[in-house]
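Numbering (the working numbering), first residue to last: 5 to 291.
Virtual Cβ for every residue (Gly too), placed ideally from N, Cα, C.
Accompanying notes for the structure given below.
Have a look at this one:
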(Lines of atoms letter the chains of each structure in order from A; the text may use other names.)
(Lines give C-alpha, C1' and ligand atoms only; values in the text may rest on other atoms or scores of the structure.)
Protein backbone atom coordinates (compact mmCIF):
# COMPACT_ATOMS: atom_id res chain seq x y z
CA UNK A 5 0.00 0.00 0.00
CA UNK A 6 2.90 2.35 0.63
CA UNK A 7 4.14 1.96 -2.93
CA UNK A 8 0.63 2.62 -4.26
CA UNK A 9 0.44 5.82 -2.22
CA UNK A 10 3.86 6.94 -3.50
CA UNK A 11 2.83 6.25 -7.10
CA UNK A 12 -0.33 8.33 -6.70
CA UNK A 13 1.60 11.20 -5.11
CA UNK A 14 4.09 11.26 -7.99
CA UNK A 15 1.27 11.44 -10.51
CA UNK A 16 -0.54 14.16 -8.57
CA UNK A 17 2.49 16.43 -7.99
CA UNK A 18 5.05 16.99 -10.72
CA UNK A 19 7.37 19.28 -8.74
CA UNK A 20 9.09 17.72 -5.75
CA UNK A 21 12.56 17.22 -4.29
CA UNK A 22 11.82 13.79 -2.92
CA UNK A 23 8.94 11.37 -3.06
CA UNK A 24 9.12 7.85 -1.73
CA UNK A 25 8.24 5.32 0.96
CA UNK A 26 9.80 5.03 4.40
CA UNK A 27 11.26 8.56 4.33
CA UNK A 28 12.93 9.88 7.48
CA UNK A 29 11.63 13.27 8.64
CA UNK A 30 13.47 15.32 11.26
CA UNK A 31 11.13 16.52 14.01
CA UNK A 32 13.28 18.20 16.70
CA UNK A 33 12.00 20.16 19.68
CA UNK A 34 8.53 18.68 20.06
CA UNK A 35 6.81 17.50 23.27
CA UNK A 36 7.10 13.88 22.11
CA UNK A 37 10.89 14.11 22.53
CA UNK A 38 11.31 12.24 19.25
CA UNK A 39 14.10 13.45 16.97
CA UNK A 40 12.76 11.86 13.79
CA UNK A 41 9.84 9.99 12.25
CA UNK A 42 9.66 7.59 9.31
CA UNK A 43 6.84 8.55 6.94
CA UNK A 44 5.05 5.71 5.14
CA UNK A 45 4.76 7.79 1.96
CA UNK A 46 6.02 11.34 1.49
CA UNK A 47 6.18 14.00 -1.18
CA UNK A 48 8.29 17.06 -0.38
CA UNK A 49 8.11 20.24 -2.41
CA UNK A 50 11.15 22.30 -3.49
CA UNK A 51 12.55 24.80 -1.00
CA UNK A 52 11.04 28.22 -1.60
CA UNK A 53 8.18 26.65 -3.53
CA UNK A 54 6.13 25.30 -0.65
CA UNK A 55 2.47 24.64 -1.25
CA UNK A 56 0.30 27.37 0.31
CA UNK A 57 -2.16 24.73 1.44
CA UNK A 58 -0.04 21.67 2.18
CA UNK A 59 3.12 23.37 3.43
CA UNK A 60 6.52 21.69 2.95
CA UNK A 61 4.96 18.49 1.73
CA UNK A 62 2.36 15.77 2.23
CA UNK A 63 2.67 12.56 4.22
CA UNK A 64 0.32 9.61 3.79
CA UNK A 65 0.29 7.17 6.70
CA UNK A 66 -1.10 3.75 5.86
CA UNK A 67 0.03 1.79 8.90
CA UNK A 68 -2.47 3.59 11.11
CA UNK A 69 -3.64 0.36 12.73
CA UNK A 70 -0.19 -0.37 14.17
CA UNK A 71 -0.63 -0.62 17.94
CA UNK A 72 2.72 1.06 18.54
CA UNK A 73 1.68 4.20 16.68
CA UNK A 74 0.36 7.16 18.65
CA UNK A 75 -1.72 8.97 16.02
CA UNK A 76 -1.85 12.27 17.89
CA UNK A 77 1.89 12.25 18.59
CA UNK A 78 2.80 11.39 14.99
CA UNK A 79 0.41 14.00 13.60
CA UNK A 80 1.75 16.58 16.04
CA UNK A 81 5.34 15.98 14.96
CA UNK A 82 4.63 16.12 11.22
CA UNK A 83 2.55 19.30 11.49
CA UNK A 84 5.22 20.88 13.70
CA UNK A 85 7.76 20.13 10.97
CA UNK A 86 5.55 21.83 8.36
CA UNK A 87 4.05 18.78 6.63
CA UNK A 88 0.41 17.93 6.01
CA UNK A 89 -0.78 14.47 7.07
CA UNK A 90 -3.40 12.07 5.77
CA UNK A 91 -4.30 8.87 7.60
CA UNK A 92 -5.35 6.45 4.88
CA UNK A 93 -7.80 3.60 5.49
CA UNK A 94 -8.10 0.28 3.62
CA UNK A 95 -11.06 1.77 1.73
CA UNK A 96 -8.65 4.28 0.16
CA UNK A 97 -6.96 1.47 -1.79
CA UNK A 98 -7.91 -0.88 -4.59
CA UNK A 99 -5.81 -3.81 -5.66
CA UNK A 100 -3.65 -1.66 -7.88
CA UNK A 101 -3.96 1.97 -6.83
CA UNK A 102 -4.35 4.52 -4.05
CA UNK A 103 -7.63 6.42 -4.45
CA UNK A 104 -6.06 9.84 -4.00
CA UNK A 105 -9.34 11.54 -4.91
CA UNK A 106 -10.76 10.30 -1.60
CA UNK A 107 -7.88 12.01 0.17
CA UNK A 108 -8.62 15.29 -1.65
CA UNK A 109 -12.26 15.11 -0.52
CA UNK A 110 -11.14 14.47 3.06
CA UNK A 111 -8.97 17.59 3.03
CA UNK A 112 -11.78 19.66 1.49
CA UNK A 113 -14.15 18.52 4.24
CA UNK A 114 -11.46 18.80 6.91
CA UNK A 115 -12.16 15.24 7.93
CA UNK A 116 -10.72 13.70 11.08
CA UNK A 117 -8.15 11.88 8.96
CA UNK A 118 -6.80 14.96 7.14
CA UNK A 119 -4.52 17.63 8.61
CA UNK A 120 -3.31 20.45 6.38
CA UNK A 121 -0.29 22.48 7.47
CA UNK A 122 -2.16 25.67 6.50
CA UNK A 123 -5.02 25.26 8.96
CA UNK A 124 -4.55 22.29 11.31
CA UNK A 125 -3.09 22.85 14.76
CA UNK A 126 -0.85 20.09 16.13
CA UNK A 127 -2.91 17.92 18.51
CA UNK A 128 -2.14 18.24 22.19
CA UNK A 129 0.04 15.39 23.36
CA UNK A 130 1.04 14.21 26.80
CA UNK A 131 4.79 14.22 27.39
CA UNK A 132 6.45 10.89 28.17
CA UNK A 133 5.92 9.87 31.80
CA UNK A 134 9.58 8.97 32.21
CA UNK A 135 10.52 12.59 31.45
CA UNK A 136 10.09 13.45 35.13
CA UNK A 137 12.69 10.89 36.15
CA UNK A 138 15.47 13.26 35.13
CA UNK A 139 14.69 15.49 38.13
CA UNK A 140 16.08 14.89 41.63
CA UNK A 141 12.69 15.11 43.37
CA UNK A 142 10.83 13.18 40.65
CA UNK A 143 8.51 11.44 43.11
CA UNK A 144 6.79 14.74 43.99
CA UNK A 145 6.47 16.01 40.40
CA UNK A 146 3.46 15.59 38.14
CA UNK A 147 2.08 16.92 34.86
CA UNK A 148 -1.44 17.19 36.29
CA UNK A 149 -2.61 19.63 38.97
CA UNK A 150 -2.31 17.79 42.31
CA UNK A 151 -4.70 20.22 44.01
CA UNK A 152 -7.53 20.81 41.48
CA UNK A 153 -10.01 21.90 44.18
CA UNK A 154 -8.00 25.08 44.80
CA UNK A 155 -8.97 28.17 42.81
CA UNK A 156 -5.34 28.90 41.97
CA UNK A 157 -4.07 32.45 41.74
CA UNK A 158 -0.58 32.21 40.27
CA UNK A 159 2.23 34.61 41.10
CA UNK A 160 5.74 34.60 39.67
CA UNK A 161 8.60 33.56 41.96
CA UNK A 162 8.65 30.25 43.80
CA UNK A 163 10.25 29.46 47.14
CA UNK A 164 13.60 28.30 45.82
CA UNK A 165 13.74 28.69 42.05
CA UNK A 166 13.33 31.99 40.23
CA UNK A 167 11.54 30.47 37.24
CA UNK A 168 8.62 29.05 39.21
CA UNK A 169 5.09 30.28 39.79
CA UNK A 170 3.34 29.69 43.09
CA UNK A 171 -0.32 29.75 44.09
CA UNK A 172 -1.15 32.48 46.61
CA UNK A 173 -3.71 30.19 48.26
CA UNK A 174 -2.19 26.71 48.56
CA UNK A 175 1.47 27.61 47.79
CA UNK A 176 1.65 24.93 45.07
CA UNK A 177 4.58 25.61 42.75
CA UNK A 178 4.80 24.96 39.01
CA UNK A 179 7.00 25.86 36.07
CA UNK A 180 6.73 25.69 32.30
CA UNK A 181 9.10 23.10 30.84
CA UNK A 182 9.86 24.60 27.43
CA UNK A 183 11.27 21.40 25.94
CA UNK A 184 7.90 19.67 26.17
CA UNK A 185 5.71 22.80 26.38
CA UNK A 186 3.99 21.53 29.52
CA UNK A 187 3.59 22.63 33.13
CA UNK A 188 5.26 20.54 35.83
CA UNK A 189 3.76 20.74 39.33
CA UNK A 190 5.69 20.13 42.57
CA UNK A 191 3.22 18.45 44.91
CA UNK A 192 5.59 18.74 47.89
CA UNK A 193 5.14 22.52 47.96
CA UNK A 194 1.40 22.42 48.75
CA UNK A 195 0.57 23.95 52.14
CA UNK A 196 -2.61 23.02 54.02
CA UNK A 197 -4.67 25.60 55.91
CA UNK A 198 -2.98 24.39 59.08
CA UNK A 199 0.47 24.86 57.52
CA UNK A 200 -0.41 28.39 56.40
CA UNK A 201 -1.79 29.26 59.85
CA UNK A 202 1.39 27.98 61.51
CA UNK A 203 3.48 29.97 59.06
CA UNK A 204 1.52 33.16 59.75
CA UNK A 205 1.80 32.61 63.51
CA UNK A 206 5.57 32.07 63.21
CA UNK A 207 5.97 35.25 61.15
CA UNK A 208 3.95 37.24 63.71
CA UNK A 209 6.07 35.82 66.54
CA UNK A 210 9.33 36.73 64.79
CA UNK A 211 8.06 40.26 64.14
CA UNK A 212 7.16 40.68 67.83
CA UNK A 213 10.60 39.43 68.87
CA UNK A 214 12.25 41.82 66.46
CA UNK A 215 10.26 44.77 67.82
CA UNK A 216 11.00 43.71 71.39
CA UNK A 217 14.74 43.57 70.73
CA UNK A 218 14.55 46.98 69.13
CA UNK A 219 12.81 48.40 72.21
CA UNK A 220 15.37 46.80 74.56
CA UNK A 221 18.36 47.90 72.49
CA UNK A 222 20.87 50.20 74.15
CA UNK A 223 22.84 52.33 71.73
CA UNK A 224 26.63 52.18 71.89
CA UNK A 225 27.82 55.34 70.22
CA UNK A 226 31.06 55.47 68.25
CA UNK A 227 32.52 58.78 67.04
CA UNK A 228 32.08 59.59 63.38
CA UNK A 229 33.23 63.17 63.39
CA UNK A 230 32.87 66.32 65.43
CA UNK A 231 29.68 66.04 67.52
CA UNK A 232 28.65 63.11 65.35
CA UNK A 233 28.20 59.43 66.35
CA UNK A 234 26.88 56.17 64.96
CA UNK A 235 25.65 52.96 66.62
CA UNK A 236 26.22 49.50 65.15
CA UNK A 237 22.46 49.19 64.70
CA UNK A 238 22.62 52.00 62.14
CA UNK A 239 21.23 54.77 64.35
CA UNK A 240 23.00 58.13 64.25
CA UNK A 241 23.39 60.90 66.81
CA UNK A 242 24.51 64.49 66.62
CA UNK A 243 24.93 67.19 69.23
CA UNK A 244 23.53 70.56 68.28
CA UNK A 245 23.18 73.58 70.58
CA UNK A 246 23.49 71.38 73.65
CA UNK A 247 20.84 68.91 72.47
CA UNK A 248 21.18 65.34 71.23
CA UNK A 249 19.37 64.50 68.00
CA UNK A 250 18.97 60.79 67.20
CA UNK A 251 17.91 59.18 63.94
CA UNK A 252 17.09 55.46 64.19
CA UNK A 253 16.64 55.15 60.43
CA UNK A 254 20.02 54.48 58.78
CA UNK A 255 18.58 55.56 55.42
CA UNK A 256 17.04 58.83 56.60
CA UNK A 257 18.44 62.00 55.08
CA UNK A 258 20.77 63.27 57.79
CA UNK A 259 22.80 65.52 55.53
CA UNK A 260 23.53 68.02 58.29
CA UNK A 261 25.67 65.35 59.91
CA UNK A 262 28.07 65.12 56.97
CA UNK A 263 31.72 65.89 57.56
CA UNK A 264 34.62 66.91 55.39
CA UNK A 265 37.08 64.93 57.52
CA UNK A 266 37.87 61.73 55.58
CA UNK A 267 38.81 60.02 58.86
CA UNK A 268 35.18 59.92 59.97
CA UNK A 269 33.38 59.93 56.62
CA UNK A 270 31.18 57.05 55.51
CA UNK A 271 32.30 57.47 51.92
CA UNK A 272 29.85 57.62 49.04
CA UNK A 273 31.93 57.11 45.91
CA UNK A 274 31.33 58.38 42.41
CA UNK A 275 33.52 57.78 39.39
CA UNK A 276 35.29 60.80 37.92
CA UNK A 277 38.06 61.14 35.34
CA UNK A 278 40.84 58.84 36.45
CA UNK A 279 39.65 58.40 40.04
CA UNK A 280 36.85 57.62 42.47
CA UNK A 281 35.73 60.64 44.54
CA UNK A 282 33.65 60.75 47.73
CA UNK A 283 30.77 63.18 47.32
CA UNK A 284 30.69 63.79 51.09
CA UNK A 285 34.28 64.62 52.03
CA UNK A 286 35.94 65.01 48.64
CA UNK A 287 38.53 62.27 49.20
CA UNK A 288 39.92 60.96 45.92
CA UNK A 289 41.10 57.42 45.22
CA UNK A 290 42.99 56.92 41.97
CA UNK A 291 41.94 54.02 39.75
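Item, Value
"DSSP beta-bridge partners of residue 290", "279"
"Per-residue burial, residue 139 [other beta carbons within 10 Å of its own, 16 or more giving buried]", "exposed"
"Cβ neighbour criterion (16 or more within 10 Å) applied to residue 142", "exposed"
"Residue 28, enclosing alpha helix (DSSP H) - first and last residue", "Element bounds for residue 28: not the alpha helix (DSSP H) but the beta strand (DSSP E), 22-30."
"Among 286, 80, 47, 179, nearest to residue 292 - alpha-carbon criterion", "Since the displayed the chain opens at 5 and closes at 291, residue 292 lies outside it and no answer follows."
"Residue 244 (DSSP reduced to helix, strand or coil)", "strand"
"Nearest-angstrom beta carbon gap, residue 101 and residue 12 [assumed within contact, 8 Å]", "7 Å"
"Residue 111 - containing alpha helix (DSSP H), residue span", "104-112"
"DSSP-derived helix/strand/coil call for residue 180", "strand"
"Paired residues, beta bridge with residue 171 - DSSP", "158"
"Status (buried if at least 16 other CB within 10 Å, exposed otherwise) for residue 88", "buried"
"CA-to-CA distance, residue 5 to residue 98, given in whole angstroms", "9 Å"
"Stretch-stretch touch, CB-based, cutoff 8 Å, three pairs: the stretch 170-177 with the stretch 149-157", "yes"
"The stretch 114-123 in contact with the stretch 17-31 per 3-pair CB rule at 8 Å", "no"
"Through-space distance from residue 86 to residue 47, alpha-carbon basis", "12 Å"
"Bounding residues of the beta strand (DSSP E) (the contiguous stretch that carries residue 44)", "40-48"
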